[in-house]
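Written below as structure tokens is the structure these notes are about.
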Amino acid sequence: MATVRTVHALNFIRKFVLNSALFFTPLYFMSLGWTGWRMGLAVSVFAFAPLLVSFPTGLINDRVSIKGVIRGAIVVQAAVVAALAWTRSFPVAVLIFLLLGATNNALDVSVNSLYFKDETRIDQNRKYGLYAFWMALGMSIGVMAGGPLSQFSGFRALYIVNALILLSGLFVLRGLDHEKFEAVPLRAYGPGLAQKRTLLFSVFIVVLALHWGLETTVYSPFLRTYFGLDNVRLALYITIPFLFLALTALLFSRLRFDERLNRKLVPAAMLMSGAGLILMVRENVYLSLAFRILHEIGDGLLAALVVIFISRLFERRTIGGSAGLLLALQIAGQACGAIVFPLLGARAGLPAAFYAAGAVLVGNALFGYVIFERQRY
66 MATVRTVHAL NFIRKFVLNS ALFFTPLYFM SLGWTGWRMG LAVSVFAFAP LLVSFPTGLI
126 NDRVSIKGVI RGAIVVQAAV VAALAWTRSF PVAVLIFLLL GATNNALDVS VNSLYFKDET
186 RIDQNRKYGL YAFWMALGMS IGVMAGGPLS QFSGFRALYI VNALILLSGL FVLRGLDHEK
246 FEAVPLRAYG PGLAQKRTLL FSVFIVVLAL HWGLETTVYS PFLRTYFGLD NVRLALYITI
306 PFLFLALTAL LFSRLRFDER LNRKLVPAAM LMSGAGLILM VRENVYLSLA FRILHEIGDG
366 LLAALVVIFI SRLFERRTIG GSAGLLLALQ IAGQACGAIV FPLLGARAGL PAAFYAAGAV
426 LVGNALFGYV IFERQRY
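Be aware that the sequence shown starts at 66, since it is given in this note's numbering, and climbs by one per residue.
Here it is as structure tokens:
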């Protein structure tokens, strides 16, 4: 159980910092006079960086050390977040986002591996529902803290404080259980990755991840320009739906695991996510917020369901590298979204980006219905 508690604490801290910093960085770039394509390029670099490190990180997790990777990634990421406080040059910002993307992915893959490999006996819905809950809680509180901090103390204070909070994760690592490893040959990864159900699931999660690119580039500027929200009210708008995401994951953790029910929940959750994204484009900010909550309820279910199905696709000894590869594919989807949706927003208006991303998710709900009806997970 020490490993489980350590993972939840790490997830809370790292998601607190990442979302507190990233959701307000587009506004920081706007204050520097940067155009939409620059914001899109910087965030797409953040998203593409994991393609270089995701699978190798998983291999290290399977063969050598998880704790060592987490410790190193925390230290480097804290330094990178702090460096944002003095960044005014676009090329420097691109380099920073490259390092931020790589270290964030190293944390994602390593913490995932730690949790997947943990052998604590617990109902799968409860195990992965709580996993999603602590991440979502960190996201929501991080954004809520970031709004007032950036509004009243400035962006420099925002980045420095978040770097210090991230370093606190080093103390959490002390409670990590002893790691056990075995030699895993590369050929052992092939059978799990080459399965038809794995390939179809990979397509599904890549399409799901496209709208993450929208949220890390267009979301905050949309709220600022469309509703005229200051940083505090913008943070409140983002935080309230995130709390519903966390609550949804927590409620899901109370459901007893049922493979058939979980498979049926996937397309329903995707449909809610897509519909909420489309309908949140309203002139009335309160009506928009209500539909944004619908979107996050769908995402809360998906956050738990996706990790459950990943845990069931692969053997325990190879799940580090295999799950790392799937995460890299998701990040590739996010990177594509970070390029396409800002360009669409710049050409056709920011609401058009939300309509397009929502339509993609609705289409993915239909695809999800088909594959989860035909494949066992």
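Ideal Cβ placement from N, Cα and C applies to all residues, glycine included. In this text the structure is predicted, and so the values were computed from the model without any measurement.
Residue burial classification, residue i (beta-carbon count within 10 angstroms, cutoff 16)
i: Glu280; result: buried
i: Ala259; result: exposed
i: Ser205; result: buried
i: Pro156; result: exposed
i: Tyr284; result: buried
i: Val435; result: exposed
i: Leu400; result: Per the sequence presented here, residue 400 reads as Ala, with Leu not at that position. With 16 or more Cβ atoms within 10 Å of its Cβ, Ala400 is classed as buried.
i: Glu380; result: exposed
i: Trp102; result: exposed
i: Leu77; result: Per the sequence shown, residue 77 should be read as Phe rather than Leu. Burial call: buried.
i: Glu184; result: exposed
i: Gly194; result: buried
i: Gly363; result: buried
i: Gly98; result: exposed
i: Arg70; result: exposed
i: Ser154; result: exposed
i: Gly410; result: buried
i: Arg439; result: exposed
i: Trp151; result: exposed
i: Leu264; result: exposed
i: Gly389; result: buried
i: Gly433; result: buried
i: Arg357; result: buried
Rounded C-alpha distance that separates residue i from residue j
i: Leu354; j: Ala393; result: 31 Å
i: Ile270; j: Val237; result: 30 Å
i: Asn349; j: Gly293; result: 12 Å
i: Thr290; j: Leu415; result: 9 Å
i: Ala333; j: Tyr351; result: 24 Å
i: Leu223; j: Gly211; result: 7 Å
i: Leu75; j: Gly234; result: 6 Å
i: Thr168; j: Leu320; result: 34 Å
i: Leu117; j: Ile404; result: 19 Å
i: Phe437; j: Arg262; result: 9 Å
i: Phe81; j: Arg412; result: 33 Å
i: Met209; j: Ile305; result: 9 Å
i: Phe406; j: Ala418; result: 5 Å
i: Ala197; j: Ala314; result: 6 Å
i: Gly402; j: Phe181; result: 28 Å
i: Ala300; j: Leu378; result: 37 Å
i: Asp188; j: Ser96; result: 48 Å
i: Phe217; j: Leu92; result: 14 Å
i: Phe113; j: Ile384; result: 22 Å
i: Ala138; j: Leu165; result: 9 Å
i: Leu232; j: Arg79; result: 10 Å
i: Ala430; j: Leu367; result: 11 Å
i: Leu408; j: Ser109; result: 12 Å
i: Gly386; j: Leu370; result: 20 Å
i: Arg441; j: Phe266; result: 11 Å
i: Asn177; j: Gly365; result: 17 Å
i: Phe162; j: Arg136; result: 19 Å
i: Thr282; j: Thr90; result: 9 Å
i: Phe317; j: Leu330; result: 11 Å
i: Ile343; j: Val140; result: 39 Å
i: Gly133; j: Arg347; result: 47 Å
i: Leu214; j: Phe220; result: 8 Å
N- and C-terminal bounds of the alpha helix (DSSP H) containing residue i
i: Val371; result: Val350 to Leu378
i: Asp173; result: Phe155 to Lys182
i: Leu294; result: Unbroken run through Leu294: none, as it is neither H nor E.
i: Ile270; result: Lys261 to Glu280
i: Val146; result: Lys132 to Ala148
i: Leu214; result: Gln189 to Phe217
i: Ser338; result: Glu324 to Leu344
i: Gly402; result: Ile384 to Ala413
i: Thr90; result: Thr90 to Ser96
i: Ala222; result: Phe220 to Leu232
Any chain B beta carbon closer than 9 Å to residue i
i: Leu172; result: The question asks about chain B, but that chain is absent: this structure has only one protein chain.
Touch test, the segment 316 to 329 against the segment 271 to 285, Cβ-Cβ under 8 Å, three pairs minimum: no
Within 8 Å, do at least three Cβ pairs link the segment 163 to 178 to the segment 385 to 403? yes
Assess, as a yes-or-no matter, whether the segment 216 to 230 is touched by the segment 143 to 152 under the definition of 3 or more beta carbon pairs within less than 8 Å. Inter-segment contact for the segment 143 to 152 and the segment 216 to 230 is present: three or more beta-carbon pairs are separated by less than 8 Å.
Within 8 Å, do at least three Cβ pairs link the segment 308 to 323 to the segment 195 to 209? yes
With contact counted as at least three CB pairs below 8 Å, one residue from each stretch, are the segment 415 to 433 and the segment 332 to 341 in contact? yes
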